[in-house]
Amino acid sequence: MLDFVLTDAYAPFTISFLLMCGIGMIEAIGLGLGSLDLHAGGHDLEIGDHSPLHWLGFGEDMPILIWLTSLLACYSISGFGIQQVAEGIAGGALSWPVAAGASAPAALFLNFFAANGLHKVIPKTETTAIGVDDMVGLRGYVVDAPASPGLASRARIVDGHGQMHFVPVKPHEDQTIQPGETVLLVRRDGAMFYAVTDDVPQFRPIA
Numbered sequence: 096m097l098d099f100v101l102t103d104a105y106a107p108f109t110i111s112f113l114l115m116c117g118i119g120m121i122e123a124i125g126l127g128l129g130s131l132d133l134h135a136g137g138h139d140l141e142i143g144d145h146s147p148l149h150w151l152g153f154g155e156d157m158p159i160l161i162w163l164t165s166l167l168a169c170y171s172i173s174g175f176g177i178q179q180v181a182e183g184i185a186g187g188a189l190s191w192p193v194a195a196g197a198s199a200p201a202a203l204f205l206n207f208f209a210a211n212g213l214h215k216v217i218p219k220t221e222t223t224a225i226g227v228d229d230m231v232g233l234r235g236y237v238v239d240a241p242a243s244p245g246l247a248s249r250a251r252i253v254d255g256h257g258q259m260h261f262v263p264v265k266p267h268e269d270q271t272i273q274p275g276e277t278v279l280l281v282r283r284d285g286a287m288f289y290a291v292t293d294d295v296p297q298f299r300p301i302a
């Protein structure tokens, strides 16, 4: 009954369907390959409403394998649909190169809606980790030894998630900060943070 899917005319779409099933099985058994998203390698991609990636169905933090599974599904559906319509109208399926080419734009169009719909329902990865630059503006206190312009000390910082960090710190101004004094990290230069005490008026928060 389904012997037609093994014919040359349907070969690209049968292969696409099998690839989709294979990737879907990888995702289902949780091998972790779905974490290969657009941010892999540490390079963030800005995806605006007019970006080509947006029109391809990519969303922020969209895992590549989920997007690819969606695209393969749309390609298979488009191809089978086009061939079935051709057989109904012309009495025979299109040659596979013609059908494969005609199905590509249709698949991209369908995948825009499918991938964006999936992006809304797939679980998002949440983390309590913060970047080094995000520590600027946090408060803590100096530990170990006094911090002076010529001698760094350590500051104990607690972020918004309640996690503790110890960072090297020097005074932002020409002063000495004693152990136990509360400090505000105001800038970073490489691995070194610069801080002021709460008695520096220009850095005191407005109540």
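Quick note: the sequence shown uses this note's numbering, first residue 96, plus one each step.
Don't be surprised by glycine CBs; every beta carbon is placed ideally from N, CA and C.
Requested in this report: Pull up the DSSP beta-bridge partners for Thr-164, would you.
Outcome: According to DSSP, which records beta bridges pairwise, Thr-164 is partnered with nothing at all.
Query - According to DSSP, residues forming a beta bridge with Asp-284 - result: Partner(s): Met-287.
Requested in this report: Identify which residue in Tyr-236, Pro-263 and Gln-258 has its Cα closest to the Cα of Ala-247.
Outcome: Closest by C-alpha distance to Ala-247, out of Tyr-236, Pro-263 and Gln-258, is Pro-263.
Report task. Decide yes or no for the touch test of the stretch 233 to 246 against the stretch 188 to 200: beta carbon pairs closer than 8 Å, at least 3 of them. Result -> When Cβ pairs closer than 8 Å are counted between the two stretches, the stretch 233 to 246 is seen not to touch the stretch 188 to 200, the count staying below three.
**Report entry** Identified DSSP bridge partners for Ile-172
**Finding:** Within the DSSP secondary-structure output, Ile-172 pairs in no beta bridge.
Query raised in the report: Ala-290 and Ala-250: beta carbons closer than 9 Å?
Result: The beta carbons of Ala-290 and Ala-250 sit closer together than 9 Å.
**Report entry** Assigned secondary structure, Glu-264 (DSSP; H/G/I helix, E/B strand, else coil)
**Finding:** A quick correction: the sequence has Val, not Glu, at residue 264. Residue state, collapsed to three classes: strand.
Query raised in the report: Hey, quick one: how far does the beta strand (DSSP E) through Tyr-236 stretch, first residue to last?
Result: First-last of the beta strand (DSSP E) with Tyr-236: 234 to 238.
Query - Neighbour-count burial assignment, Val-278, 16 or more Cβ in a 10 Å radius - result: Sixteen is the threshold: when 16 or more other Cβ atoms of the shown chains lie within 10 Å of the Cβ of Val-278, as they do, the residue is buried.
Query raised in the report: Which partner residues of Ala-202 appear in the DSSP bridge assignment?
Result: Assignment of beta-bridge partners to Ala-202 by DSSP yields no partner.
**Report entry** In DSSP terms, what Ser-248 is bridged to
**Finding:** Per DSSP, Val-264.
Query raised in the report: Are the CB atoms of Val-253 and Phe-288 nearer to each other than 9 Å?
Result: In this structure, Val-253 lies away from Phe-288, with their beta-carbon atoms at least 9 Å apart.
Query raised in the report: Rounded C-beta distance between Ala-106 and Ser-190? I'm assuming under 8 Å.
Result: Incorrect: roughly 11 Å between the Cβ atoms, too far for contact.
Report task. Please name the residue, chosen from Gly-275, Lys-215, Ala-210 and Leu-166, that lies closest to Phe-112 on a Cα-to-Cα basis. Result -> Per the C-alpha coordinates, the member of Gly-275, Lys-215, Ala-210 and Leu-166 positioned closest to Phe-112 is Leu-166.
Query - Where Leu-189 falls: helix, strand or coil (DSSP) - result: Reduced to three states, the DSSP call for Leu-189 is coil.
Query - Rounded C-alpha distance that separates His-256 from Ala-286 - result: CA-CA distance, His-256 to Ala-286, rounds to 22 Å.
Report task. Look at the alpha carbon of Asp-269 and the alpha carbon of Ala-209, and state the distance between them as a whole number of angstroms. Result -> Each residue's alpha carbon lies about 59 Å from the other.
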